[in-house]
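Residue numbers (our numbering), protein chains in the order written: chain A, 9 to 246; chain B, 9 to 246; chain C, 9 to 246; chain D, 9 to 246; chain E, 9 to 246; chain F, 9 to 246; chain G, 9 to 246; chain H, 9 to 246.
Protein chains: 8
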Amino acid sequence: MEWWESRKSRYPVQKYMSGFDELSFAKIDNHRHERRGFPEAIFCEGKTAEQVAQIVEKMNEGERNILATRAGPETFEAVKKLVPEAEYHDFSRLIMVRKEEIEADPDRFILVMTAGTSDIPVAEEAAVTAELMGHCVERIFDVGVAGIHRLFAQQEKVTGANVLVVAAGMEGALASVVGGLVSKPVIAVPTSVGYGASFGGVAALLGMLNSCASGVSVVNIDNGFGAGRLAGMINSMR
Amino acid sequence: MEWWESRKSRYPVQKYMSGFDELSFAKIDNHRHERRGFPEAIFCEGKTAEQVAQIVEKMNEGERNILATRAGPETFEAVKKLVPEAEYHDFSRLIMVRKEEIEADPDRFILVMTAGTSDIPVAEEAAVTAELMGHCVERIFDVGVAGIHRLFAQQEKVTGANVLVVAAGMEGALASVVGGLVSKPVIAVPTSVGYGASFGGVAALLGMLNSCASGVSVVNIDNGFGAGRLAGMINSMR
Amino acid sequence: MEWWESRKSRYPVQKYMSGFDELSFAKIDNHRHERRGFPEAIFCEGKTAEQVAQIVEKMNEGERNILATRAGPETFEAVKKLVPEAEYHDFSRLIMVRKEEIEADPDRFILVMTAGTSDIPVAEEAAVTAELMGHCVERIFDVGVAGIHRLFAQQEKVTGANVLVVAAGMEGALASVVGGLVSKPVIAVPTSVGYGASFGGVAALLGMLNSCASGVSVVNIDNGFGAGRLAGMINSMR
Amino acid sequence: MEWWESRKSRYPVQKYMSGFDELSFAKIDNHRHERRGFPEAIFCEGKTAEQVAQIVEKMNEGERNILATRAGPETFEAVKKLVPEAEYHDFSRLIMVRKEEIEADPDRFILVMTAGTSDIPVAEEAAVTAELMGHCVERIFDVGVAGIHRLFAQQEKVTGANVLVVAAGMEGALASVVGGLVSKPVIAVPTSVGYGASFGGVAALLGMLNSCASGVSVVNIDNGFGAGRLAGMINSMR
Amino acid sequence: MEWWESRKSRYPVQKYMSGFDELSFAKIDNHRHERRGFPEAIFCEGKTAEQVAQIVEKMNEGERNILATRAGPETFEAVKKLVPEAEYHDFSRLIMVRKEEIEADPDRFILVMTAGTSDIPVAEEAAVTAELMGHCVERIFDVGVAGIHRLFAQQEKVTGANVLVVAAGMEGALASVVGGLVSKPVIAVPTSVGYGASFGGVAALLGMLNSCASGVSVVNIDNGFGAGRLAGMINSMR
Amino acid sequence: MEWWESRKSRYPVQKYMSGFDELSFAKIDNHRHERRGFPEAIFCEGKTAEQVAQIVEKMNEGERNILATRAGPETFEAVKKLVPEAEYHDFSRLIMVRKEEIEADPDRFILVMTAGTSDIPVAEEAAVTAELMGHCVERIFDVGVAGIHRLFAQQEKVTGANVLVVAAGMEGALASVVGGLVSKPVIAVPTSVGYGASFGGVAALLGMLNSCASGVSVVNIDNGFGAGRLAGMINSMR
Amino acid sequence: MEWWESRKSRYPVQKYMSGFDELSFAKIDNHRHERRGFPEAIFCEGKTAEQVAQIVEKMNEGERNILATRAGPETFEAVKKLVPEAEYHDFSRLIMVRKEEIEADPDRFILVMTAGTSDIPVAEEAAVTAELMGHCVERIFDVGVAGIHRLFAQQEKVTGANVLVVAAGMEGALASVVGGLVSKPVIAVPTSVGYGASFGGVAALLGMLNSCASGVSVVNIDNGFGAGRLAGMINSMR
Amino acid sequence: MEWWESRKSRYPVQKYMSGFDELSFAKIDNHRHERRGFPEAIFCEGKTAEQVAQIVEKMNEGERNILATRAGPETFEAVKKLVPEAEYHDFSRLIMVRKEEIEADPDRFILVMTAGTSDIPVAEEAAVTAELMGHCVERIFDVGVAGIHRLFAQQEKVTGANVLVVAAGMEGALASVVGGLVSKPVIAVPTSVGYGASFGGVAALLGMLNSCASGVSVVNIDNGFGAGRLAGMINSMR
């Protein structure tokens, strides 16, 4: 960091990253809750552990739940020092600070499904996000289309859901099959599970975009957060 | 067609395409309405004009609105012979048969937006689909981010909408900007408008999938029908 | 063609395409039948109508069925002049000369399926190829996964087949679903049916290659001939 | 894991991953053997070592051979603790539990070939899979087309095989050459062997999909398991 | 063209395209022959027929053979008006003006091969180019690897050649097989022959770049001219 | 258009495209001149000839030069009926309405270069755009790197330019060479000139993005307008 | 290195890498300053730490500022041993040797912006490069379009800048929005920030190339140096 | 390895990998020298260190030079134990065993060039390969087109070479420039040097394939061995 110090006195514009310039590297969007119904989540990739920790600490002055995604253990360590009540979900690499308890309505549940066991981390990112927003979430895991009877055994839950999130890698066919069974919105999350010609989730992504079932829309590969966020948003409509 | 005749008597399995085998080349999914809330739409590409016409005629025995997408003028000609009340929207290549009038609720409107004038055909496919499902649809066209004041002049409509459909080609940035302004679901439709490195809509598709605004999900390139269908489905939730 | 004449006398090597040099532009592989069990099929793309016609005429001196794929109507015209008994399947762009009647065994049937109506031309290419090889072929069309009950209504045929060919465009999910239902080989044929992010069949191809069901293998996009050929080869094993 | 504990009491739906909820993260498909002739293999990537171990232990209550693919050494350690009779094939990263001895018929052998030495791990995955299913397997390694006399020296074995699996990276040409020599099905497995424009196996994959020899079908890059599985399935037909 | 006239008097810089400004739209590289041993060939795509005709006429003032590639019939018409002795090879879309007769040495021949009949136009572009440079060219067509005995029947010619050009589409495997048989340079020309996953020649291109045989180098898809040019250049070395 | 009429009375929201709703399909950005220094250009692809004509007519009420890009002849016909003083540059598919004469400074000229003759239409789009903005433009065409002495013969012009636009297809190497010769900004325009592995301009685009010369930036494939616009913008700085 | 020693005496050509052959592995371009206005920057990737150190030492004999990009800590260690006054910017992996102080004009400032916090390292590479060239640089970070009010709060700075550099990953929409607000050149730098379908910066790159705002040009992914270099070059024009 | 032991006694076919089965995992192509003029090189990637060592030991029984490419240090360690006279070129990851001294002709030299310092390892692979074949090799490094005067300073060497190898990453433009200067074959080797949109060498590969200079052919990315091998083969022609 000495480099920063040295250049502060040399060039006209270097106030922006000194210690007293509060979070000059990030503009926390405090108005977003009013505007969007949910505080800004923190995307941790490309940020240092210290940057994330300072952002969480700053947000913690407010009264909303906080969520940081794609957080490694060392980031959690840095956060915990500044915000001891933070929790860590290592499986899905999520940091949470729960500050408000929202009453969930069990009759309007969101169903989160996966095609395989390996898709669960992404699915959990979606599920936890929706739960933090105050929604009731049901889970059905490992019901990929290669053994489609496993899916039909759960048909009641499937058709009872208000919104569905389907996380699948490889060929991602589960989204189409589920989309054909229900009359509710299906949010498809391609995952990077697979190898070879799965191309890190591209095969699943393309499969879902080309779904022959209408009512299916798609978010980015492995974007469990976005899917959970959107599912909660839709489930809040009345 | 003579070939079909000749082989009918030669091989054990060729009943499936004779004149009396009703629509053996297509399985009309009559139960879908109960299951999905909307009759199956007909995707015309790859079907002959005659096949489409026969499917529409068959569906016309029911009581639901009918929609055929990506229909060329010659297909409409074939349909009109069998179903004279069919209408054609040449701009968006849609054939419609309107059989039920559904009361739309103007307070819960769907907003369909485009970045440019060239995106309107896709946007209209979305808008008409939603209208056929009985929804009220508002339109704002040509408000791409290169002149973002045009968008803000419409801010009231934007924030008043219940669901939003954003059709954009080129870099597709409008979806992100709109997604950041509202707390309602945004359905992004990449269009194939553009040239060179737009790669037939891929640039817009990738831009929308990577949207930094949450609440945005994506359908296939130029899939106005899917977007309108999903918008209607979400707008029906209460 | 005058160009060819002029250069024949000028350069040392130009015998290869004169009128008396029989089919010097193609080496007909007469031994293939012994080696492979089926005469060479003619791939018409990139060949002139005259070249195809001459090849068919030459092959017609033998005693085997002849099949030319991807043949336009003008190619058929040229063939018919030289080989009047040739038949044309315009739907699938196939030219056939039937010279031997092979007894098919109805208890060992090949099942050819499609996800949609638009996939039928490719499926027919597969079915006709297998029939020409002397196999019994059953067909189930338009049973895509968006309405999966249509598939289950045919479960008896599906599980009774000895080999299955599944032609599907868009996301190609039908191959995985069928692969999970049977214990027989499934040959998946991605078709170029679709638009936008289907990329001319790539989405279906990737989906099928990543099928989570084992027992599924894949041939080239729209390669109905190859699928039918392989299905016949497998069905001949005992 | 403390995170899981804490949230169990907080949200309505979290039974699914407690210690007593048996394998709630995976749905073991016990009926698949009847349906498919072979128990479900375990794809280890994306699963924790503990998850794999618990699945193997559960399957071990049955009477079938068990196969886990793409298993690292630490996964094998975890499995061995719960199922001491498990074997590890580190070369191909396979875990096996052999529980039934199936009589192989040496006259109906499957031939597994590679273009190079580096393709052997994938080829072994195929060979071992087929052997576990009770088939006789012959191997010919390192007979790539750059020295095609090496292949012809083995022609007897090649033409004597009932089904062939060809694993090749780089340009993958061996599949086409072999496909032209035999009248039996050839299952082509592109491998990720190569560099630069091999793009992790894509060059071989495309080469095999475009094979000018019929009778060749393709599975995913490095999918030795799928190839062996399909080879066994075909070899069982009579 | 009136537009050009009007703007000539308006802007400071528009001399460059007036009638008297000889070939201002092209800089004919008269020194190239000394430098390169062969006059500049004309790539016709993207040039108007008139532009090509004027360039040929200008070059015709010199004493070298002239070659124009990818020329449509209307371009030839325009050329013929200005240079009546021009010849047209419609099969390969070449225009030639032969002005010098170069003695070819039959003992140092270039061998041009194709995998299929459809590759012949590209191969002919290579062969004619080399012949115009004064080389002796032998041709072997339609010897693709699916029937590799056809290739071995010509082994004498293959091993006797001084330089080899191999044109192949689909999987392009012929280049590797030939490369393994000879100790002379092999110039591989991928062709756009194929469909589906051949991606307009990309599959063949990748296959050839990844050839496991050394001594193989590659030129652009369908670039027969470049291959013939390079073959002649190498064959001239002593 | 009858469809539009019929639906106007049926749905609540359809005012937007009636005849009296002035240019409701496009929002002309009248403030852009103040904001950007140049009126909005019209991108004609995807717009009907009538839409373009109406937009030009509307803009013609102002006092600025008007430019419509990628305009086919039928579009020009429609424009000419409403705005007779419009000019057409068919070579580059540009429609212009010249309304203000801006004094150009010949000492600060923009240099527009091409690698080949086929790149001239794109280069002219750039040159004309800059000239319409009031800049002096010099042109050097057909100086591709295969004959690099052609470039050095013009070195004086090259190093005298204030801003440079380099249009090149194929490998696009000219941009790097020019970038290494000058200390002024170079705007590289990849063109779609080429075939095979040029992939419609992608090869040139990637080459230019990876230019080892600094001072080079890139616009979209064939985007002559954008390059000319930016060149003018930079040339105006002082 | 012993290998080098041994071969020096064996082959005719190996002088080039001996200790006394000064920097034979690199040709320092001393004339570039006169030609280009700035000394050659050192791209460290693929060079050993020792090579970089020797190049810096050699350049240090001159009087210009020196910049080495993409330098790891071990490279800096090697440089520091030979050139103790070198500074390291670990955040952006830059090594600098400041040798001349250039007076910056605060009225002509370059504005460097980022969409997110994770884009800052790339932005700093641009900013520091421009500052080393003697320009005044302002920074605005984390103003991505998902919260567009953050951008408008800085509108004065945005419209006051002489040249703008916009670094953004994910969908890269900020470049288009900024491009629409200003009449000065915008240099867009796609960053590799993102995941899944961002494809390491490709989504942002395509978005920026397709920007609907004119005045925007693009450099390579993560090429902060190139953007800063070009911004300085443009800002020097008068 | 215990796994191998256990299965040897269990399955009918497992002789192939026992200790006494000499090099059963590789078929050394002893006849290749007669056929090809050079012994088979060993491609080390994907082979274990022990496999490589055994292959080298076996080859060492012959009298030819031996070359192993892409060899890591641990592979060299294994080789050295069995073949102590082996040399290692760590810079280019080559293992050599020099067994015959071939007289090189300095008047027929091969010129190996690089665009940058980072391309040297690949270039050395080419140079060393050609030297091992008995050719005289000259080197010119770091003469990329951004400072093209560095290239012209070496013009005598460039035009005096008999064959040229050009290794370049990034945009790979050097191959085109050199190709335009000489009348001898140019073998272009794209390297993976670069970042962002260089896509691991794809940009350079495409640039070279699209070279507007004829006489240029291309090998795989980073394939220095193949380039050197081909250069030697061409240089041997007389």
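Virtual Cβ for every residue (Gly too), placed ideally from N, Cα, C.
The beta-carbon separation of Arg158(H) and Lys35(G), rounded to 5 angstroms, stays under the 8 angstroms limit for a contact. For His97(G), the enclosing beta strand (DSSP E) starts and ends at Glu95 to His97. Shown here, Arg147(F) sits in a strand according to DSSP, grouped into three states. Cβ-Cβ distances below 8 angstroms link Ala205(A) to Ala211 in the same chain, with the five nearest sequence neighbours on each side left out; the list follows chain order. Proximity of chain A to Gln59(D) at the Cβ level (cut-off 7 angstroms) is accounted for by Thr125, in chain order. About 6 angstroms separates the beta carbon of Arg237(E) from that of Thr137(E), a gap short enough to meet the 8 angstroms contact definition. Taking 8 angstroms as the upper bound for CB-CB distance, Ala239(G) and Gly188(G) are not in contact here, some 19 angstroms apart.
Glu139(H) and Asp113(H) have their alpha carbons spaced roughly 11 angstroms apart. The C-beta of Ile50(D) comes no closer than 8 angstroms to any C-beta of chain C. Residue range Val194 to Pro198 is occupied by the beta strand (DSSP E) that includes Pro198(C).
Excluding sequence positions up to five before and after Glu111(B), its CB lies within less than 8 angstroms of the CB of Gly142, all in the same chain and listed in chain order. Note: Thr56(B) is not bridge-paired with any residue in the DSSP secondary-structure output. Counting along the chain, Ser225(A) sits inside the beta strand (DSSP E) bounded by residues Val224 to Val226. Residues Val171 and Pro193 of the same chain have their beta carbon placed closer than 7 angstroms to that of Ile242(F), with the five preceding and five following residues left out of the count.
Counting only residues of its own chain and dropping the five nearest sequence neighbours on each side, Gly180(G) has a CB closer than 6 angstroms to the CB of Pro198, Ala212, Gly215 and Met216. Rounded to the nearest angstrom, the Cβ distance from Val174(E) to Val186(E) is 5 angstroms, consistent with a contact under 8 angstroms.
Each of Ala134(D), Asp115(D), Ile74(D) and Ser184(D) was checked against the Cα of Glu108(D), and the nearest Cα belongs to Ile74(D).
Between the C-alpha atoms of Gly234(C) and Asn228(C) there is a straight-line separation of about 8 angstroms. Gln163(C) and Ala196(C) have their C-alpha atoms roughly 18 angstroms apart. In chain order, Gly54 make up the part of chain A whose C-beta sits under 7 angstroms from the C-beta of Val201(G). Taking 8 angstroms as the CB threshold, Asn231(E) lines the interface with chain F. Taking C-beta atoms as the reference points, Val91(E) and Met121(E) fail to come closer than 8 angstroms.
Taking CB atoms only, Ile110(G) has no neighbour in chain F less than 8 angstroms away. Contact with chain A is found for Arg158(G), since one of that chain's Cβ atoms lies less than 8 angstroms from the residue's Cβ. Listed along chain C are Asp150, Val151 and Arg158, each with a C-beta nearer than 7 angstroms to that of Lys35(B).
Inclusion of Ala86(A) and Glu58(A) in the CB contact set at 8 angstroms is warranted, their separation being smaller than that value. If you look at Met104(C), you'll find it in the beta strand (DSSP E) that goes Leu102 to Val105. In this structure, the alpha-carbon of Ser200(C) lies about 14 angstroms from that of Ser100(C). Nearest C-alpha to Met178(B) among Pro129(F), Asn231(F) and Leu182(F): Asn231(F).
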